[in-house]
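**Student:**
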Amino acid sequence: MADDVLAVWSSSSPNGSRNFEEGLRTRTWGFKSFEPDYRNSIRWILFGYSHSSGGPRQQAADWQKGVVDILLCEVSGDFYTGHAPHWEDEISQNKIIYPCRVGMTVIGSATGVATDAAGPLGLAGSEALRLSGAGNRGVRFRADLGDLHRVLRADVTPSGVVDLSRTAGDVIPERPGRRSAGQGRSQDAAFNKALEDHAVAMAIEHYRRRGWDEIRTLGKPYDLVCTKVTGEEKHVEVKGTTGAGGDVNYTPNEIQHFRACPYGADLVVVRDIRVDRTALPHVTSGGELLHIENYEAPPEDLKATGWTGRVTGWL
839 MADDVLAVWS SSSPNGSRNF EEGLRTRTWG FKSFEPDYRN SIRWILFGYS
889 HSSGGPRQQA ADWQKGVVDI LLCEVSGDFY TGHAPHWEDE ISQNKIIYPC
939 RVGMTVIGSA TGVATDAAGP LGLAGSEALR LSGAGNRGVR FRADLGDLHR
989 VLRADVTPSG VVDLSRTAGD VIPERPGRRS AGQGRSQDAA FNKALEDHAV
1039 AMAIEHYRRR GWDEIRTLGK PYDLVCTKVT GEEKHVEVKG TTGAGGDVNY
1089 TPNEIQHFRA CPYGADLVVV RDIRVDRTAL PHVTSGGELL HIENYEAPPE
1139 DLKATGWTGR VTGWL
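Going letter by letter, the sequence shown gives residues 839 to 1153 in the numbering used here.
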């Protein structure tokens, strides 16, 4: 089955490597401008980040004689306009450099993948990666990625659904000089607290507008307890991010509560939160809220310390 794929070459420059790592860690990708190739029909993003004979600015015939290191992601949600500085260069300059954004789920990576016609990328995918690097933009192509899924050991059903419990989970390729900043969650405690507090405040206001009489903050194993004078009760888990919010990390206790809550537990995700890190405590603003009622905890166990699950519903 053929799908729309966006090929993206990740620069080996220090800034390019940092942005690639941050994009994978937060499962958010961005472009400097909206292009015709960046469409909501895109199913996959195919990243290339190293070629055996150097960079992508070479003749196609030479490129096809080598091998490439790749990483495949599945797009989660539609492309959207970002308003929150997210990558390090955006944060340092306090401006939006990559406004065209999309969420993504990491499927897997592979090294030494042939770039000739017989390779799992096919000539279409191989050439799209080369052109992406040469033109510094994403290049759309259409292909059946069945051979590539097999190389990545991704279990894809006949209907095209990826079983995330059988994928590699979070993958950040090793690169010379790469910093080990951890995966999934920022190590900046003040930043994390600012995001969480802002998301919780937005969630409280959201539930007040929906007619809940009392809303209490709890924190663990869920964030909010909402009650009505009629005796109705609802538990709410809240997540906040400056990124796309297409994937969410959970602790084992959070997952257990989602599965066992007798009242039905909701999930609220607030994405694209703007954070002013020059002030302490950090000042936050903006954000887009997604409310999922009676959220079903994901079956995917992608980490030793917890779960990663897709969030559907962003438009």
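All C-beta atoms, glycine included, are put in the ideal place defined by N, C-alpha and C.
How about the segment 1072–1091 and the segment 857–866: do they share at least three Cβ pairs that are nearer than 8 Å?
**Tutor:** yes
**Student:** Around the Cβ of F1096, are there at least 16 other Cβ atoms within 10 angstroms (buried) or fewer (exposed)?
**Tutor:** buried
**Student:** Which partner residues of G1124 appear in the DSSP bridge assignment?
**Tutor:** I1111
**Student:** Taking Q1151 as the reference, which of G915, L884, V846 and G893 has the closest Cα?
**Tutor:** It should be noted that the sequence gives Gly, not Gln, for residue 1151. Nearest C-alpha to G1151: G915.
**Student:** Since G893 sits in a beta bridge, which residues does DSSP pair it with?
**Tutor:** BP columns for G893 are empty, so no partner.
**Student:** From what residue to what residue does the beta strand (DSSP E) around E1071 run?
**Tutor:** E1071 to G1078
**Student:** For K1066, which option in K1077, D1051, G950 and R939 has the closest C-alpha, if you only look at C-alpha atoms?
**Tutor:** D1051
**Student:** Just list the residues that DSSP pairs L910 with in beta bridges.
**Tutor:** Bridge pairing for L910: L884 and G946 [DSSP].
**Student:** At a cut of 8 Å, does the segment 943–953 reach the segment 901–918 through at least three beta carbon pairs?
**Tutor:** yes
**Student:** Could you name the residues that DSSP lists as bridge partners for T1068?
**Tutor:** Its beta-bridge partners do not exist; DSSP assigns none.
**Student:** Please report how far the alpha carbon of E928 lies from the alpha carbon of I1042, in whole angstroms.
**Tutor:** 30 Å
**Student:** How long is the line joining the alpha carbons of V1106 and C1099, rounded to whole angstroms?
**Tutor:** When rounded, the distance between both Cα atoms is 16 Å.
**Student:** Does the distance from the CB of Q902 to the CB of T949 come in under 7 Å?
**Tutor:** no
**Student:** So Y787 is in the alpha helix (DSSP H); what residue range does that whole segment cover?
**Tutor:** Because the chain in this structure spans residues 839 to 1153, residue 787 falls outside the shown range and cannot be described.
**Student:** Cβ atoms of N878 and W925: under 7 Å apart, would you say?
**Tutor:** N878 sits away from W925, with the two beta carbons spaced by 7 Å or more.
**Student:** Per DSSP, V1086 forms a beta bridge with which residues?
**Tutor:** G1147.
**Student:** Report yes or no: do three or more beta-carbon pairs, one from the segment 1026–1033 and one from the segment 1113–1133, lie closer than 8 Å?
**Tutor:** Enough Cβ pairs lie closer than 8 Å, so yes.
**Student:** When the Cα of C938 is compared with those of G1125, D1061, A845 and H921, which residue comes out closest?
**Tutor:** That would be H921, whose Cα lies nearest to the Cα of C938.
**Student:** Does the Cβ-Cβ distance between S970 and W882 come in under 7 Å?
**Tutor:** no
**Student:** Looking only at its chain, what residues have a beta carbon closer than 6 Å to the beta carbon of Y1060, apart from the 5 residues adjacent to it on each side?
**Tutor:** H1073, E1075 and H1095
**Student:** Checking the sheet assignment: what are the DSSP bridge partners for H1129?
**Tutor:** V1106
**Student:** Exposed or buried, what is G892 when buried is set at 16 or more other beta-carbons lying within 10 Å of its beta-carbon?
**Tutor:** exposed
**Student:** On the three-state DSSP scale, how would you describe N1050?
**Tutor:** Note that residue 1050 corresponds to Trp in the displayed sequence, not to Asn. Coil.
**Student:** Could you check how far apart the C-beta atoms of T1146 and N1087 are, in whole angstroms? I think they sit under 8 Å.
**Tutor:** With a contact defined as Cβ atoms closer than 8 Å, T1146 and N1087 qualify at about 6 Å.
**Student:** For D841, which residues does DSSP report across the bridge?
**Tutor:** A981
**Student:** Where does G976 land, buried or exposed, given buried means 16+ other C-beta within 10 angstroms?
**Tutor:** So G976 counts as buried.
**Student:** Does the separation of the CB atoms of V940 and A1037 fall below 7 Å?
**Tutor:** no
**Student:** Do A1179 and R980 have their CB atoms nearer than 7 Å?
**Tutor:** Outside the modelled stretch of the chain, which goes from 839 to 1153, sits residue 1179, for which no answer is possible.
**Student:** Under a Cβ-count criterion, where at least 16 other Cβ atoms within 10 Å of its own Cβ denotes burial, should G963 be classed as buried or exposed?
**Tutor:** Buried.
**Student:** Helix, strand or coil for G868? Go by DSSP, reduced to three states.
**Tutor:** strand
**Student:** Using the beta-carbon count (16 or more within 10 Å), is D1069 buried or exposed?
**Tutor:** Per the sequence shown, residue 1069 should be read as Gly rather than Asp. That one is exposed.
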